[in-house]
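In order, the protein sequence lines correspond to chains A and B.
Per our numbering, the first sequence runs over residues -4 to 385.
Per our numbering, the second sequence runs over residues 19 to 323.
Glycine included, C-beta positions come from ideal geometry on N, C-alpha and C.
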Amino acid sequence: MRKTILAAGAAILLAAQPALAQQKSIKIGFVSTFSGPTASIGNDMRNSFELALDHMGRKMGGLPVEVIYEDDTQKPEVGKQKTQKLIESDKVDFIAGYIWSNVLLASLKPIVDSKTFLVIANAGPSQVAGELCSPTVFSTSWQNDQTPQAMGLYMNSKGVKSVYLIGPNYAAGKDMLAGVASTFKGKVVGQELTTWPTQLDFSAELAKAKAAKPDAIFVFYPGKAGVQFLAQYAQAGLKGTIPLYTAFTIDETTLPLQKDLALGVPGAQEWVNDLPNAENKKFVADYRKKYPGHRPSFYGAQSYDAANLIASAVNALKGNVSDKAKVEAELKKANFKSVRGNFKFGNNHMPIQNFYLQDVVKDGDEFALKTVATIVKDNQDSFHSKCPMK
Amino acid sequence: MTLFIEQCLNGLQFGLLLFMLAAGLTLVFGIMDLVNLAHGSLYMLGAYFAATFAAFTGSFILGAVLALAATLLVGMAVEVIALRRLYGRDHLDHVLGTFGLILFFDEAVRLIWGPEGLSLPLPSWLNASIQVLPGVQYSAYRFSIIVVTLFVAAGLYILVMRTRVGMLIRAGASNREMVGALGVNIKLLYTLVFGLGAALAGLAGLMQAPILTVQIGMGENILILAFVITVIGGIGSVRGALVAALLVGFIDTLGRSYLPDILRELLSPAAASTLAPALSSMLIYLLMAIVLIFKPEGLFAAGRK
């Protein structure tokens, strides 16, 4: 008798198995930094991702969406652990997020090995655009070198003849400095890489830059480090004497702290909050309505696009994401309206897009960023030829 | 040459700041024989208090003074409530107990101020540069740190070497039981010394706050440096702490500024620019290792029985 019950139980379990495999929801893991000094970036990404889900009724392809947010604490080893947890125990369909290139590089192997779809919402290490490109890895941001390359072009147009480069010593920092050096036609008179993310005192580096007497200083310090850098740059008496050019150093998460110090400091970016397309207007307006006192940053815009990219593929497949090849084909179409306007993928699944010059303006009592000019149109990263995908 | 002078000023500023932290640590260890890992937490609290009070009062100076008083009170409270139970016990118990305090303070800060950290903006008159020598422009704020810490160091010297309290502190460092037997209220003395150490740590934290970010765990990194300094200087010796702190400050700053250039002469530029930051952050530990080989007691070992 007991045996029959057991057998019946087993039969029910077995019968339940295919039902489980049938998609009941779309599971997305989102890895970003939600604690420590750069938590404001992670929060902006989460806010924007949530807003995108609100806009689509929190459903993709008719299925409810479940998002699991994981905090990488800005550490590669923690990011890798959290990524493995998402893949192995949560069994997510998609992973999105990643601010830091070094965290992404550490987490990449488990994602690629398990053929989980990844939509990178910020980090853009050269390796992922080149030799480590993968059919299941997409990006709604950029390759690290691109933004500083645009800045290098702008510096040429301003007649800058010599530059001193300062940035953090990790994957993205090296890409950024290499990027600006690749398009800048003048002389790079010096280069400093600082210990990341622990070194926040740039006194020695600023003193050296000052002594080298360059026409300009180029700097890449994301998050709070950018706040510290601008403050120390002013304290060292450099503001007003040596012009500063930046990439990813001034954005809506740091501007409330940088205030006046950021005025007159240009930056390059693929998205600015005042880009005049309907999707962007809706995104910015609804973000400011949903999160009073906050403005979306480019980190948020990329996360908003990441959610919409995933939704475009899931909607096209009516929620059936079991066939990896079909999902890849749908993602590659980039059949969604990006808040940055035109958006398409290159062979390495990195976007081909415009880069704009942004400037800081005073908007009443607040500070805001605005588009000044388009620096480059339809720019593709320089590593795509190293990617074997066609 | 101006670059070298400026880098020396940077080294001096960093060294003196570290001295504020190490002096408290070495006093507490030398006099109370207590290993205090939570010293970094008091540094963090100083920064958090300063950011809070400065925002509340609208004045940087007033915020700093209030923060100093608050850190002193917290330090004395910690001594009375928690650390008194640890005296005379094994050093391992001290480490365990004060490590617990680190976790407590980190979590308390998270509950009170949230996980994102704060910032302490400088008033505009400090956020500029001044001419310290003909041709040498230097950050007004960093220069004021040098001035303040020099005054505090001088005050500390007078307090320890020239006053009655200082005499008791030095006596306590050499022979605790005898001081107690002579009718000195050693409990009160300990509370005062710990409060003084806490205030010094708080001062270092609040002065560092406008340069760095005010964040949870900011004390842990710098605590390691403070321990390196106490080891190099000789445990319990305030003079040793001063010399060692200046050494560490200079080596770290000059290493960061000149090592990349030296390495670039020897290696490929790519290898040099990657290796230099790593190597320059190792220099101070090399110094400690060398000092330990030749003077295991530290440069200025306090006369301990």
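Asked                                                                                                                                                                                        : Found
Closer than 7 Å by beta-carbon distance: list the chain B residues that pair up with Q227(A), in chain order.                                                                                : I229
Which residues share a DSSP beta bridge with I23(A)?                                                                                                                                         : V62(A), F89(A)
If I'm right that G58(B) touches E238(B) with Cβ under 8 Å, what's the distance once you round it to whole angstroms?                                                                        : 5 Å
Just by C-beta distance, which residues in the region 228 to 244 of chain A are closer than 7 Å to chain B?                                                                                  : A229, Q230, A231, G232
Which whole-angstrom value describes the C-beta separation of V252(A) and V222(A), a residue pair presumed to lie in contact below a C-beta threshold of 8 Å?                                : A small fix is needed here, since residue 252(A) is Leu in this sequence, not Val. Indeed, because the Cβ distance is near 5 Å, the residues count as touching under 8 Å.
Looking at the strands, I want to know which residues DSSP matches up with G316(B).                                                                                                          : None, per the DSSP bridge assignment.
At 7 Å on the CB atoms, spell out the chain B contacts of A397(A), in chain order.                                                                                                           : A query on residue 397(A) cannot be resolved here, the shown segment of chain A reaching from -4 to 385 and no further.
Could you list the residues in the region 193 to 204 of chain A with a C-beta less than 8 Å from some C-beta on chain C, going in chain order?                                               : Among the protein chains of the structure shown, namely A and B, there is no chain C.
Pull up the distance between the alpha-carbon of L239(A) and that of V155(A), whole angstroms please.                                                                                        : 11 Å
Could you tell me whether the Cβ atoms of N139(A) and M171(A) are closer together than 7 Å?                                                                                                  : yes
Cβ closer than 9 Å: which chain B residues qualify as neighbours of G31(A)?                                                                                                                  : P133, E134, G135, Q233, I234, G235
Does the count of Cβ pairs from the region 120 to 140 of chain A and the region 329 to 344 of chain A closer than 8 Å reach three?                                                           : yes
Return the CA-CA distance between A216(B) and V279(A), expressed in angstroms with no decimal places.                                                                                        : 46 Å
May I have the straight-line CA-CA distance separating V83(B) from A204(A), to the nearest angstrom?                                                                                         : 35 Å
Between which two residues does the beta strand (DSSP E) holding V114(A) run?                                                                                                                : 112 to 115
I'd like the list of long-range same chain contacts for L301(B), defined as Cβ closer than 8 Å, with 5 residues on each side in sequence excluded.                                           : I269, D270, G273, L277
Rounded to a whole number of angstroms, what is the C-alpha to C-alpha distance between V73(A) and F44(A)?                                                                                   : 22 Å
Would you mind telling me which residues of chain B sit closer than 7 Å to L252(A), beta carbon to beta carbon, in chain order?                                                              : S137
Can you tell me which of P120(A), F213(A), V60(A), M40(A) puts its alpha carbon nearest to the alpha carbon of S377(A)?                                                                      : P120(A)
Within a Cβ cutoff of 7 Å, which residues of the same chain sit near S162(B), ignoring the five residues on either side of it in sequence?                                                   : L144
Within the 7 Å Cβ cut-off, does A206(A) reach chain B?                                                                                                                                       : yes
Does the CB of A16(A) have a neighbour CB from chain B at under 7 Å?                                                                                                                         : With a pLDDT of 49 at A16(A), under the threshold of 50, the predicted position of this residue should be treated as unreliable, though the coordinate-derived value follows. A16(A) does not count as touching chain B.
Let me confirm a value: F74(B) is counted as buried when at least 16 other C-beta atoms fall within 10 Å, else exposed. Which label applies?                                                 : exposed
Thinking just about the alpha-carbon of each residue, which of Q375(A), K372(A), G185(A) is nearest to the one in R282(B)?                                                                   : G185(A)
Less than 7 Å between CB atoms is the rule here; does T366(A) satisfy it with respect to chain B?                                                                                            : no
Should L384(A) go down as buried or exposed, given a rule of 16 or more other Cβ atoms within 10 Å for buried?                                                                               : Residue 384(A) is actually Met in this sequence, not Leu. M384(A) comes out exposed.
In chain B, what lies closer than 7 Å to Q186(A) by C-beta?                                                                                                                                  : S291
Within the same chain, show all residues whose beta-carbon is closer than 7 Å to that of A16(A), passing over the 5 residues directly before and after it, in chain order.                   : With a pLDDT of only 49 at A16(A), under 50, the local geometry of the prediction cannot be trusted, and no value is derived from it.
Check whether the region 293 to 307 of chain A touches the region 324 to 333 of chain A, counting contact only when three or more Cβ pairs, one atom from each stretch, lie closer than 8 Å. : yes
Mapping the DSSP letters down to three states, classify G168(A) as helix, strand or coil.                                                                                                    : helix
Indicate the three-state DSSP secondary structure (helix, strand or coil) for S121(A) in the structure shown.                                                                                : helix
Count the C-beta pairs between the region 262 to 269 of chain A and the region 77 to 89 of chain A that are closer than 8 Å, then say yes if the count reaches three, no if not.             : no
According to DSSP, is V184(A) part of a helix, a strand, or is it coil?                                                                                                                      : strand
In chain A, what lies closer than 8 Å to E97(B) by C-beta?                                                                                                                                   : By Cβ distance, chain A contributes nothing, its closest Cβ being about 30 Å from E97(B), past 8 Å.
Let me see if you follow: with CB-CB separation under 7 Å, is T78(A) close to chain B or not?                                                                                                : no
Could you check whether the Cβ of N315(A) sits closer than 7 Å to any Cβ belonging to chain B?                                                                                               : no
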